[in-house]
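Asks:
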């Protein structure tokens with residue numbers, strides 16, 4: 348009976364060790380592997396010790412695990428170094444005019460042609476642009492009619508629907524594009540402004556423009572020449 352119990356213990360330990368090394372969510376770390384290996388050896392049947400071939404194979408798996416842990420640590424270090432370089436590059440852009448994905452424009456009282464750019468995912472039979480002030484009030488609507496897929500560029504003169512010049516500030520822009528038959532057409536908006544600051548949330552750069560737009564560095568589309576808005 349004792350021999351049967353020992354056999355069961357040895358079999359369980361061996362089975363557990365093999366499944367643990369199989370990868371996936373059950374894969375063990377280095378310390379847990381060693382503990383399980385010691386437990387397997389301690390509970391083996393003295394009359395039927397563990398097969399040498401299986402033991403050597405498990406040691407080889409342990410060596411592979413150790414190498415994988417070392418490789419992962421080195422990759423993490425390289426990723427950290429690369430992220431630091433990217434963060435430094437973003438900080439250099441502070442004070443420059445950039446274009447990012449976003450829905451806000453800045454009216455400064457000097458530029459009478461405020462660019463409103465967006466990219467249509469498909470052809471549209473009707474496109475309407477709505478501009479709202481900081482309080483959410485609609486101040487200007489523009490009907491653009493039929494537009495082809497791709498980049499659409501228009502300029503807003505900074506006036507409301509009554510032709511009155513609006514005060515300096517940040518305004519939001521929304522697009523409504525429809526295809527033949529009334530189906531909505533997807534789009535991506537762009538906005539330009541001076542990069543005011545770069546913060547680092549969870550190690551990744553977050554851009555803040557003078558228009559009030561905040562965007563991750565991955566949404567940066569371009570840096571405009573000589574600080575000019577495209």
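Numbering (my numbering), first residue to last: 348 to 577.
We put the CB at the ideal spot given by N, CA and C, even for glycine.
1) Comparing C-alpha positions only, which one of 504, 559 and 419 sits nearest to residue 519?
2) In the DSSP assignment, what residue or residues form a beta bridge with residue 521?
3) What residue range does the beta strand (DSSP E) around residue 505 cover?
4) Please report the straight-line C-alpha distance between residue 537 and residue 463, rounded to a whole angstrom.
5) With H, G and I counted as helix, E and B as strand and the rest as coil, what does DSSP make of residue 511?
6) Please classify residue 440: does DSSP put it in a helix, a strand, or coil?
7) Taking 7 Å as the limit between beta carbons, can you name the residues of its chain near residue 505, skipping five residues before and five after?
8) Give the straight-line distance between the Cα atoms of residue 447 and residue 568, rounded to the nearest whole angstrom.
9) Under 9 Å between the Cβ atoms of residue 499 and residue 489?
10) CB-CB under 6 Å to residue 473, same chain, minus the five flanking residues each way: which ones, in chain order?
11) If residue 515 and residue 469 are in contact, beta carbons under 8 Å, what's the gap, nearest whole angstrom?
12) Given a cut-off of 9 Å, decide if residue 442 and residue 570 are closer than it, judged by their beta-carbon atoms.
13) Measure from the alpha carbon of residue 480 to the alpha carbon of each residue in 563, 539, 521 and 565, then state which is nearest.
14) With distances taken Cα to Cα, identify the nearest neighbour of residue 482 among 439, 404, 533 and 517.
15) Identify the residues that DSSP records as bridge partners of residue 497: which are they?
16) In the DSSP assignment, the beta strand (DSSP E) including residue 562 goes from what residue to what residue?
17) If we call anything under 9 Å between Cβ atoms a contact, is residue 467 one with residue 532?
18) Using a Cβ-Cβ cut-off of 8 Å (strictly less than) and excluding sequence neighbours within five positions of residue 555, which residues of its own chain qualify?
19) Per DSSP, which one or two residues make a beta bridge with residue 542?
20) Ignore the nearest five residues each way along the sequence and tell me which others in residue 494's own chain have a CB closer than 8 Å to its CB.
21) Express the C-alpha separation of residue 496 and residue 529 in angstroms, rounding to a whole number.
22) Indicate whether residue 452 and residue 478 have their beta-carbon atoms separated by less than 9 Å.
23) Using DSSP's beta-bridge definition, name the partner residues of residue 490.
24) Alpha carbon to alpha carbon, how far is residue 553 from residue 382? Give it in angstroms, no decimals.
Replies: The relevant details are as follows:
1) 559
2) 477
3) Counting along the chain, residue 505 falls outside any beta strand (DSSP E), and DSSP gives it neither H nor E.
4) 7 Å
5) coil
6) coil
7) 454, 459, 461, 512 and 513
8) 5 Å
9) no
10) 525
11) Residue 515 to residue 469, Cβ: 36 Å. No contact.
12) no
13) 521
14) 517
15) 467
16) 561-563
17) yes
18) 542, 543, 544, 545, 546 and 561
19) 556
20) 467, 470, 471, 474 and 524
21) 16 Å
22) yes
23) 475
24) 44 Å
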